[in-house]
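Line by line, the protein sequences give chains A and B.
Under the numbering used here, the first residue of the first sequence is numbered 1, with each subsequent residue one higher.
Under the numbering used here, the first residue of the second sequence is numbered 1001, with each subsequent residue one higher.
Read through the structure below, which is laid out as structure tokens, and then see the notes.
There are 2 protein chains.
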Amino acid sequence: MNILDLLLGKPLAASDERAQQLGIAAGIPIFGLDALSSAAYGPEAALTLLIPLGAASVAYIIPISSSIVVLLAIVFFSYRQTIAAYPGGGGSYTVASENLGTFAGLLAAAALMIDYILTVAVGISAGVGALVSALPRLLPHTLFFCLIILALITFINLRGMRQAGIIFMFPTYLFIGSLLAALGVGVFKSVMAGGHPVPVVAPPAPGSAIAAVSVWLLMKSFSSGCTAMTGVEAVSNGVRAFREPVVDTARRVLTIIIGLLMVMLAGIAYLVRAYHIVATDPGKDGYQSVLSMIVAAVAGRGVFYYVTIGSVLLVLALSANTAFADFPRLCRAIALNGYLPDSFSLRGRRLVYSRGIYVLAILAGSLLILFRGVTDRLIPLYAVGAFLAFTLSQAGMVAHWKKNKGPGWGRSMFINGLGAFATGVTVIVVLVAKFVEGAWITALLIPALLFLMMRVKRYFVRVEAELFSQEALDTTKCKPPVVVFPVQTWGKLTQRALQFALTISSDVHGVHVCREEQKEQLKDEWKRLVEEPAQRAGLPVPKYVELESPYRLVITPIVDYVLKIAAEHPSCQIVLVVPELIEQHWYHYFLQSNRAELLKGLMLLRGNDNIVIANLPWYLKRTEI
Amino acid sequence: MNILDLLLGKPLAASDERAQQLGIAAGIPIFGLDALSSAAYGPEAALTLLIPLGAASVAYIIPISSSIVVLLAIVFFSYRQTIAAYPGGGGSYTVASENLGTFAGLLAAAALMIDYILTVAVGISAGVGALVSALPRLLPHTLFFCLIILALITFINLRGMRQAGIIFMFPTYLFIGSLLAALGVGVFKSVMAGGHPVPVVAPPAPGSAIAAVSVWLLMKSFSSGCTAMTGVEAVSNGVRAFREPVVDTARRVLTIIIGLLMVMLAGIAYLVRAYHIVATDPGKDGYQSVLSMIVAAVAGRGVFYYVTIGSVLLVLALSANTAFADFPRLCRAIALNGYLPDSFSLRGRRLVYSRGIYVLAILAGSLLILFRGVTDRLIPLYAVGAFLAFTLSQAGMVAHWKKNKGPGWGRSMFINGLGAFATGVTVIVVLVAKFVEGAWITALLIPALLFLMMRVKRYFVRVEAELFSQEALDTTKCKPPVVVFPVQTWGKLTQRALQFALTISSDVHGVHVCREEQKEQLKDEWKRLVEEPAQRAGLPVPKYVELESPYRLVITPIVDYVLKIAAEHPSCQIVLVVPELIEQHWYHYFLQSNRAELLKGLMLLRGNDNIVIANLPWYLKRTEI
């Protein structure tokens, strides 16, 4: 058992695939963490923008949250249909490119990719941010904790999907259970008290109003609240990861995730209003999150409070995992169409698309390092991507129904059309409301990524065109090659190179770059030890070539000679034989001149299609240092 | 003219060597900077240890400096003889190893190498230290300046010896001229005033005596003063670098350097006594160097003062250059005997031993970085190495005279014997006096380096023994090889690999690692496009081999197959043909899977002497991205 097996688990054969698939219980943490955890920051983000209204802000949370819940319901019914129509995985990319064309598909893909990268960075940094605001001593180590969590999530995902599901089950269900309990108790108390419950721990008094309500303010609040909906599309993209019957399992998981999210959003909005909770400014002293105020008002600051808030932190930090489940699948789908390198479509030892996992980890890690683990400023960037993908996906479904016209296609088309319309309007609202704060960056990045993918495709198309052929083997071109090899001294290495050269050609050139001392000796040895035996054996006689090197370069003259021979024999292959000592210990390479490596490198750099480089290794024995 | 030509100068042919050789005027800066600059810190180091004696310290500088000057004279006569006896370059290493055996030679070499590395670090850091003590604003940039100067010296040396001599001429002669002028004027004034001159600027009053004089204290003071003698051996090592007649030129350069150094040391000692100059503590406020006090006492703080002190700073910082002239020559001599890698003996484009220059720059740079540019603590380390090398070199000369017995060999042997004795005693004194302060580190490093060089030699001896052969070409072993090559799809790349394979062998295996989709198609294409045409042309039919890969690995199955074939054909060479796309732009490599590179690497790692790896490049055309 080697070290990789121990770290990453034994390699899985393709036939092990069934066992790696997800049931409902494991599917919820894998594909739902992102969506569910956004209950912790969506309402908060909406309320924060209402702070200037003072106590009056409480009145507006119900309409804003209701709009979001309605939007969520529309999106839910849209995606239910998508899952059924695309049981092979119906992410925005697939749906949009199949129905609206490549360009729309890549646009959705670019939007989603950027969204996922941001999700990872923002999720981890939000979790760590909450942790360090609870334990300010840890503040200087923010970036360190962020990267540790990133490494952990990456690592767990490299071990495979199923294990990720099992590991993340505990914090996810703890979060769902404790938050639902807090909300349930709160609503019960409130109803019992006729809508005016007495808080166990009173929330801070609201500041005085410094602004009147305006449509613009409500629009911005709604846009911020919409971040609660990111991550909803993950299930439809990952249908293939579920257990048979895939469509049913995926639909049930989607229903549970969105149902829970809706209940949470509604419960939070109701209690904010009932307990008159106003957001506090996250940049200032006395900041407390909305969820923290609600739980304290409902249950006081006991064990229950700490368990609930602790599970929120955990779930926030782990919400990055949804992106890790989905980003590699998205990249695979794109790679299969040639818009990303082929390696994104290969599954690693644990049946995951390792390349996508690495790329996501590297990009998100770079963001975290660039922003030193504080990525609040990135939040405005990321609802645009998600909603753009929603819109394109729903619009694609509309085209799908129009084209295929299955039973009840009219109703289906209407539902998806409503979804496309609602999310499309939301994209515009979010883009306008958040443009100055950062949405413009997304508006630049998405086309840039789109352009890059188109260029990648163009490259692959050209390479394929260059290499494509259905011509049969052309046997007329099989002329014997000319063999050139460097000779430093006579010895076993040269003996072997020469023997090999003679097996493949009758035109062999031993090339010696002169250093005065050895000149005559080698010439003499060549005559005695090579030419004469070859003549006696009736073999073609290998040529001995001396190259002058006034500037003491050893490698360039050999490369020049090979190029000269290649020019003289345009219809032949030239084989440059490079004997190379293979050391037993890596540190022995410091002792060698690495001339073989340099010769191979320079020859490749300056060579052409007719020049083959044959590496003749000599494995050194019993050479201890 | 390319960028390297512009930076480093045009390459020089070996026949340009004459023009690169040094006359007396250029030889003094090259080989004398180290020795001459030590006049600036040797007496200072001796006096610093006498601070506890207060005003009484002045009395002891004359005997201490006299001992050093006498020692210098002995060493001078010894090295004059060495130069004549070894016109090919008679460094301690050469002399000791030829006359006292390999072990003594390597011991001297190790001592000198460590000495040179320390010289570079300490010289540069002393110069920069003096600069920042004059301009305290620069203090935070100490390391930066050190590395800049190191880079500059390295760069100048890579451009060749002669240019280094020309560039360093100005500061060297400015230093010699201004310091000699200051000392001459001072001595003249003092003699005129009957030994009691009136200082223009009075030196600080001495502190009160806090210790009585002791033999131990004088021994330590003498040991510190001996650092004034480091760098003296450089000329004898570099005889080959001088113009014809080399022995005369080298001897004259040595005479001038040591003569100047003796005059400076004597003058400084005389003026210290005449002006009652007591060293100040370098760690405390009000610190002023001894040279600064002397020049101020003699000439006041005018333009002349600043020119002199400025030239001292410059010469200190550039004293590292002597090590750069000598270290690479020393490494070359060792490499020619096989105790260091061969590459140390190759001359670069400008006829200098570039490898030695790089290694010295890297090691000295590491020391500077490790000590953040403040290497005062390294000073105690470095007289040991120099004097050990002196001793071994003189002792070697004694053995030389005894063996060769030329005319006047008795007198010569006596002079070298006296030198060996005097420097040998000094080694012991320095080692004892400085042991606790750091000489123990040298006492550990020298044997460590010695051991390493012995191991390097052992390695080369073993490799040579393994590869040595005077057997004639064995033509019976020239059996045709078996060729294996990977096939992914049918296309021009495969066509070419197949054509090449058929030119060198009749036993050709096209190996396909299965990914389900292509399996049947490729099998069919092979039959139609390869087997049938080959049969029709009467050529041997290439085999098509399918490899299963349950773990989706692409490379390992191919390597395993090659190893299997190699085991089945123990008397044949196996050629693994690896087609590889060569991109036009480096960034295109991100798009490729790098499978060719990985395949070559893994095959080399797991292969054996019978497996040849033939790299078949395909240069992509017109593939812009």
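Virtual Cβ for every residue (Gly too), placed ideally from N, Cα, C.
Note to self: Let me check one thing: in DSSP terms, what residues is A:Pro630 bridge-paired to?
What the structure shows: The structure shown does not extend to residue 630 of chain A, since chain A is modelled only from 1 through 625, so no value can be given for it.
Next item on the list: Give the DSSP bridge partners of B:Ala1202, in chain order.
Entry: Paired residues: none, contrary to the question.
Check: Is the number of C-beta pairs between the region 1201–1214 of chain B and the region 1064–1083 of chain B that are closer than 8 Å three or more?
Finding: No: fewer than three Cβ pairs fall under 8 Å.
Next item on the list: Helix, strand or coil for B:Thr1623, going by three-state DSSP, please let me know.
Entry: Caution applies to B:Thr1623, whose pLDDT of 47 falls short of 50 and renders its modelled position unreliable; the model cannot decide the point.
Note to self: Buried or exposed, going by whether 16 or more other CB atoms sit within 10 Å of the CB of A:Lys220?
What the structure shows: Buried.
Checklist line | Unbroken beta strand (DSSP E) run spanning B:His1512, endpoints | finding: Here the beta strand (DSSP E) through B:His1512 covers 1507–1513.
Note to self: Counting C-beta neighbours from all protein chains within 10 Å, is the total for A:Glu624 16 or more, i.e. buried, or is it exposed?
What the structure shows: Residue placement at A:Glu624 is flagged as unreliable, the pLDDT there being 49, under the threshold of 50; the coordinate-derived value follows with that caveat. Exposed, by the Cβ-count rule.
Check: Would A:Val191 be called buried (16 or more neighbouring beta carbons within 10 Å of its own) or exposed?
Finding: That one is exposed.
Next item on the list: Answer yes or no: does any C-beta atom of chain B fall closer than 8 Å to that of A:His588?
Entry: Using a CB distance cut-off of 8 Å, A:His588 counts as an interface residue toward chain B.
Margin query: I'd like the list of long-range same chain contacts for A:Val120, defined as Cβ closer than 6 Å, with 5 residues on each side in sequence excluded.
Written below: Apart from the 5 residues on each side of it in sequence, A:Val120 sits with its Cβ closer than 6 Å to the Cβ of Ala320, Ala323, Ala364 in its chain, given in chain order.
Note to self: Within a Cβ cutoff of 6 Å, which residues of the same chain sit near A:Thr494, ignoring the five residues on either side of it in sequence?
What the structure shows: Excluding positions up to five away in sequence, the list reads Val487.
Check: Helix or strand or just coil, what does DSSP make of B:Leu1053?
Finding: In this structure, B:Leu1053 counts as helix in the three-state DSSP scheme.
Checklist line | Residue span of the alpha helix (DSSP H) that contains A:Glu568, given as start and end | finding: Run containing A:Glu568: 555–568, per the alpha helix (DSSP H) assignment.
Checklist line | Exposure label - B:Met1001; buried when at least 16 CB within 10 Å | finding: Residue confidence is low: B:Met1001 scores 45 on pLDDT, short of 50, so the model does not pin down where it sits. Its coordinate-derived value is still stated next. Exposure of B:Met1001 is indicated by the presence of fewer than 16 other C-beta atoms within 10 angstroms of its C-beta.
Note to self: Within 8 Å of any Cβ in chain B, is that where the Cβ of A:Ala472 sits?
What the structure shows: A Cβ of chain B is located within less than 8 Å of the beta carbon of A:Ala472.
Checklist line | Beta carbon proximity, B:Tyr1459 to chain A, threshold 8 Å | finding: Chain A, which has a Cβ nearer than 8 Å to the Cβ of B:Tyr1459, makes this yes.
Checklist line | B:Asn1404 to B:Gly1419 span [Cα, whole Å] | finding: B:Asn1404 and B:Gly1419: Cα-Cα distance of roughly 19 Å.
Checklist line | Through-space distance from A:Thr391 to A:Phe414, alpha-carbon basis | finding: If you draw a straight line from the Cα of A:Phe414 to the Cα of A:Thr391, it comes to about 14 Å.
Check: So, helix, strand or coil for A:Asn237, using DSSP?
Finding: When DSSP states are grouped into helix, strand and coil, A:Asn237 belongs to the helix group.
Notebook entry, point to check: Are the C-beta atoms of A:Lys523 and some chain B residue less than 8 Å apart?
Noted result: Judged by the 8 Å Cβ criterion, A:Lys523 is not in contact with chain B.
Margin query: Counting only C-beta atoms, is B:Lys1621 closer than 8 Å to chain A at any point?
Written below: Judged by the 8 Å Cβ criterion, B:Lys1621 is in contact with chain A.
Notebook entry, point to check: So what's A:Trp586 in DSSP terms, helix, strand or just coil?
Noted result: When DSSP states are grouped into helix, strand and coil, A:Trp586 belongs to the helix group.
Next item on the list: Give a yes or no on whether 8 Å exceeds the smallest Cβ distance from A:Pro480 to chain B.
Entry: Yes - at least one Cβ of chain B is within 8 Å of the one on A:Pro480.
Note to self: Against chain B, with Cβ distances strictly below 8 Å, would A:Gly338 count as a contact?
What the structure shows: At least 8 Å separates the CB of A:Gly338 from every CB of chain B.
Next item on the list: Would you identify the three-state DSSP class for B:Tyr1275, choosing helix, strand or coil?
Entry: B:Tyr1275: coil per DSSP, three-state reduction.
Margin query: Helix, strand or coil for A:Asn337? Go by DSSP, reduced to three states.
Written below: Coil at A:Asn337, not helix or strand.
Checklist line | Within-8 Å CB hit, A:Pro447 to chain B | finding: Interface with chain B (8 Å Cβ-Cβ cutoff): A:Pro447 is excluded.
Check: Does any CB atom of chain A fall closer than 8 Å to the CB of B:Phe1344?
Finding: Cβ-Cβ to chain A under 8 Å: no for B:Phe1344.
Next item on the list: Evaluate A:Thr503 with the Cβ neighbour count: other Cβ atoms within 10 Å of its Cβ, from every protein chain shown; 16 or more gives buried, anything less gives exposed.
Entry: So A:Thr503 counts as buried.
Check: Is A:Leu591 close to chain B, meaning its C-beta is less than 8 Å from at least one C-beta of that chain?
Finding: Closer than 8 Å: yes.
Check: Taking just the CA atoms, how far does A:Ile153 sit from B:Leu1602?
Finding: The straight-line gap from Cα to Cα measures roughly 30 Å.
Check: Buried or exposed: where does B:Ser1571 fall if 16 or more other Cβ atoms within 10 Å of its Cβ makes it buried?
Finding: With fewer than 16 Cβ atoms within 10 Å of its Cβ, B:Ser1571 is classed as exposed.
Note to self: With three or more C-beta pairs closer than 8 Å as the rule, is the region 1421–1431 of chain B touching the region 1368–1387 of chain B?
What the structure shows: Contact holds: three or more Cβ-Cβ distances are below 8 Å.
Note to self: As a quick exercise: from A:Arg411, A:Ile379, A:Leu553, pick the residue whose alpha carbon is nearest that of A:Gly123.
What the structure shows: Out of A:Arg411, A:Ile379, A:Leu553, A:Ile379 has the C-alpha closest to the C-alpha of A:Gly123.
Next item on the list: Tell me whether the beta-carbon of A:Gly89 lies closer than 8 Å to the beta-carbon of A:Arg329.
Entry: At a Cβ-Cβ threshold of 8 Å, A:Gly89 and A:Arg329 count as neighbours.
Check: Does the Cβ-Cβ distance between A:Ala40 and A:Gly225 come in under 8 Å?
Finding: Between A:Ala40 and A:Gly225, the C-beta gap is not smaller than 8 Å, which leaves the two residues out of contact.
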